[in-house]
Amino acid sequence: MKRHRTFQGFPTGLAVLLVCCILSTGCGRSADNDLLPDQTDRLPESTESTESMESAKSTESTESESSLASEPAKKAFRYDPEIATRPVLPSISEKAARDQGRDILTFMDVNTSTGAASFTEKCVTAFNKQSEKYYIVLQNDTPSYGVALGTARDRLLVELMAGKGPDIFYGALLPSPNNSILDQGILLDLAPMLDALGITDEDYFPAARVLAKGEHVYGFAPYLMAESYAVLDSVLDGREQPDIYTLVEQLYSYPDQTAVWWPGASYRTILKFLLGGSEDCWGMVDWESGRCDFSGEFFAKVLEVAKRYQDPDMKGSTRVISRYEPGSIGREDFERSGKFILDFPFGDGWYPYCRSSYAYMVNGNTKYPEGVQEFLQFIFGEQGQNYAAAEFIVLPVSRDVAASYWALELDLKHERYVTIDGELMEVLPTEEMMEADLDYAGRARYLPVNTAEIQSIILEEVDDFINGSKSLEMVCELIQNRVQLYLDENS
């Protein structure tokens, strides 16, 4: 099996008032997707607990709960190419399942139109074969991009707010949920299920748990892709890891006026990289006092950098930011091309980054939480994790399956094709690449949820500065006033 990874530039490529007020990323738009240099690389398909969930958690000593908790946590899973690549053919129709008295769940996915069965299709088909009580109907007729995806996102949020909608759905259909969404109870808290199933950091990468808020978890990821970023050496003053303030200053003062973030990058992409990883917008928000200050020089330079380095028309000459994936190429080989690996700026340091839009979520009003749990048992079990390992780009979240997949790759020495800044390279897997890939997977983080609404305000107001209709000072003042109003209303 070959893994193909690309690092090319970002290509060209009925919301109601309630939806627009709640979605942090704006109606029909994914905040996560803006961070991806190449949206042509499509990943595999991808509130409070109900009383039944709480009951299940409190009765873990029963036979059924014990069997759910023991298999994933205790059994050492292995990567098996025969399991991973074996075709999965449907064995029963929805009508036949209904005739058998099975409970019917719905799973809303997006359609990549590759012609091959997606990860989700394989898991749903295999689950339907083995489950005696539940049957999942897969709805995957929504395109993975464009106006149709935006419309589907808006419709889904309205349905969820009304207590309707699918039981399970792909994260890109509800990108970057904010606190307002999580506090509505429209997403099921999966923490009790994941605990019962033994989805621990010891056996699974932490990224298996998505949208964590305190002890609650509102999403799950059967696979992950740890993303990292690199900057041109010439931007930095020496080859040392900068802090965010130093990086912004160096980008602001970089003399090459032909430089762009990467071909096709939007200002939103740049702002999310520079601001998205901090829980307090780099000190500009004081949650304890409920005050904010967006009048400083640092924030002004962040906006100036976003305006300067955007390249929507793909006319720039010098690319200053690239994406680095440790499983594709060795660090030294990558940095030899004049790049310095940064990772992603979080409040307490630089870490790999994962997208919540590549995860899955569960309707808080599902009638079948036990069916969801049975599906989670399958997807985090050996068969589901083997399906994840067979996909391009990503790693399964099972540490055992990921490690044994890499061990086989090293043994077989399958070539990998990597496109870095437009140049196609063929590389062979090495032990260094394996160790780095597994290390990155273990350290990868999702963006914090707390500032999602504030990020949305910033992105909405900055547009007028970018297009020249308002001055920098005026836009900073508008952001200051709107964020302060948000803090006052949510203190």
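Residue numbers (this note's numbering): 1030 to 1520.
Yeah, the Cβ is synthetic: ideal placement off N, Cα and C, and Gly gets one too.
Between W1311 and L1203, the alpha-carbon positions lie close to 26 Å from each other. In the three-state reduction of the DSSP assignment, S1257 falls in the strand class.
Closest in C-alpha terms to S1147, from the list K1162, L1167, R1131, Y1515, comes L1167. Listed in chain order, the alpha helix (DSSP H) runs fully inside the stretch 1182–1250 are 1208–1211, 1220–1225, counting runs of at least 4 residues.
Between V1491 and L1300, the gap from beta carbon to beta carbon is short of 8 Å.
Between D1285 and G1367, the CB-CB gap reaches or exceeds 8 Å.
Annotation: the continuous alpha helix (DSSP H) that includes K1336 extends over 1326–1338. Secondary structure of N1392 (DSSP, three-state): strand.
The three-state reading of DSSP puts Y1163 in strand, counting E and B together. Sixteen is the threshold: when 16 or more other Cβ atoms of the shown chains lie within 10 Å of the Cβ of R1297, as they do, the residue is buried. Positions of the beta strand (DSSP E) runs, each at least 3 residues long and wholly inside the stretch 1394–1454, are given as 1445–1449 in order along the chain.
In this structure, Y1353 places its C-beta atom within 8 Å of the C-beta atom of A1259. Here DSSP, grouped into helix, strand and coil, assigns N1496 to coil.
Just so you know, the alpha carbons of L1405 and T1287 end up roughly 49 Å apart. In the displayed model, Y1296 falls within a helix according to three-state DSSP. In the three-state scheme derived from DSSP, where H, G and I count as helix and E and B as strand, D1468 is classed as helix. Secondary structure at Y1475: strand, using DSSP grouped into helix, strand and coil. In this structure, DSSP gives D1128 a helical state, which the three-state scheme calls helix. Excluding sequence positions up to five before and after D1315, its CB lies less than 6 Å from no other CB in the same chain. In the three-state scheme derived from DSSP, where H, G and I count as helix and E and B as strand, Q1168 is classed as strand. Between S1324 and Q1509, the CB-CB gap stays under 8 Å. Annotation for I1358: V1447, V1456 place their beta carbon closer than 6 Å to its own, counting only its chain and skipping 5 residues before and after. In terms of CA proximity to F1407, V1153 leads the group T1141, E1123, V1153, N1140. Rounded to whole angstroms, D1128 and E1231 show a C-alpha spacing of 42 Å. Within the model, the alpha-carbon separation for L1185 versus G1179 is close to 10 Å. Secondary structure note for Y1353: its beta strand (DSSP E) is the uninterrupted segment 1350–1353. Looking from the CA of K1396, the closest CA among K1193, F1363, I1112, N1208 belongs to K1193.
Taking C-beta separations shorter than 8 Å and ignoring five residues to either side along the sequence, the partners of F1363 in its chain run A1259, Y1353, I1370, I1449, following chain order.
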